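First up is the structure itself, then whatever we jot down about it.
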Amino acid sequence: MAGKLSGRTILVTGASQGIGAEVAKHCAAEGATVILVARRQKRMEKVYDEIVAAGSPEPFAVCFDLLTAEENEFAQLAATIGEATGGRLDGIVHCASCFTALSPLEFQTVGDWVKQYRINTVGPMGLTRAFTPLLKQSDDASVLFVSESHSEKAQAYWGGFGASKAAVNYLALSIADEWERFDNLRANILIPGAVNSPQREKTHPGESKSERREPADIMPAFIYWLGSESKGRNGETVYL
């Protein structure tokens, strides 16, 4: 299948809904073999079926819980995907995200913070670390970290979510700096802004849908940053 991502294999987390599902479908439409990773099987199966029905390359679908995964689970996932794809991966899009609630710090719990850090920060670290050997086998591997505007400017009530997203920004830029010596590896941060998604409905319940863009509107940017046109661009933070 001809397309801007033809021949590439791209792993997308949070692929069962929202931006993650949209990224998966658009990557597939551009010719990529997509690896869907999410914890909700039925929702993920729906995305899988939509990709197949559209005539795109048949994806892989893996149920995986970033909240509970430890070293062995990350390693096993990488081994399984490596075997299925012939030992190479051309990209990861870290879309999976956890948001509990906007509230004063006195109403936030340690458990809330741990859950958000596990999914928003530790998960991307564990996945990227486990898949780095496969990424190194690609001629041009791109890893995208989907972040949030409150990660760059602290604001009341955003607590654990904002902090965990700030931490993933640091993670992404640290990885990008480590990868400066590799011509075939790059890591960048994308900040979508106001987009109609399940998470946006939770963070901005009073916001009208007419004030937001649709996820499809920002997909050209994801395709660009995953494709050959952006090769060589590393360590950037991009507002979409």
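So the sequence shown is numbered by the working numbering: it starts at 552 and just counts up by one. Cβ coordinates follow ideal geometry from the N, Cα and C atoms, glycine included. The structure presented is a predicted model; accordingly, all values stated were derived computationally and were not measured.
Val598 sits close to Ser567, with the two beta carbons spaced by under 8 Å. Counting every other CB atom within 10 Å of its CB across the protein chains shown gives Val585 a total of 16 or more, marking it as buried. Judged by DSSP secondary structure, Phe650 falls outside any beta strand (DSSP E); it is assigned neither H nor E. Assignment of Ala692 by DSSP, reduced to helix, strand and coil, places it in the strand class. When rounded, the separation of the alpha-carbon atoms in Leu653 and Asp690 is 42 Å.
A distance below 8 Å between beta-carbons, with the five flanking residues on each side excluded, links Glu601 to the following residues of its chain, in chain order: Lys576. Here the alpha carbon of Thr788 sits roughly 32 Å from the alpha carbon of Ala635. Residues Arg763, Arg764 and Pro766 of the same chain have their beta carbon placed closer than 6 Å to that of Val746, with the five preceding and five following residues left out of the count. In the DSSP assignment, Thr631 falls within the alpha helix (DSSP H) that extends over Glu622 to Thr636. For Thr672, same chain residues with a beta-carbon under 7 Å away, outside a window of 5 residues either side, are Ser715, Ala718, Val719 and Leu722 in chain order. Taking each of Val697, Glu729, Arg669 and Ser702 in turn and checking the Cα distance to Lys687, the smallest one comes out for Glu729.
C-alpha of Arg639 to C-alpha of Thr560: approximately 8 Å in a straight line. DSSP places Asn671 outside any beta strand (DSSP E), giving it a letter other than H or E.
The beta carbon of Phe712 is closer than 6 Å to those of Phe650 and Gln667 in its chain, skipping five residues each way along the sequence.
Shown here for Phe773: same chain residues with a beta carbon closer than 6 Å to its own, the five before and five after excluded, namely Val574 in chain order. For His645, the closest of Leu556, Leu777 and Arg784 by C-alpha to C-alpha distance is Leu777. Fully enclosed beta strand (DSSP E) runs of no fewer than 3 residues occupy 560-564, 584-589 and 611-614 of the region 559-616, in order along the chain.
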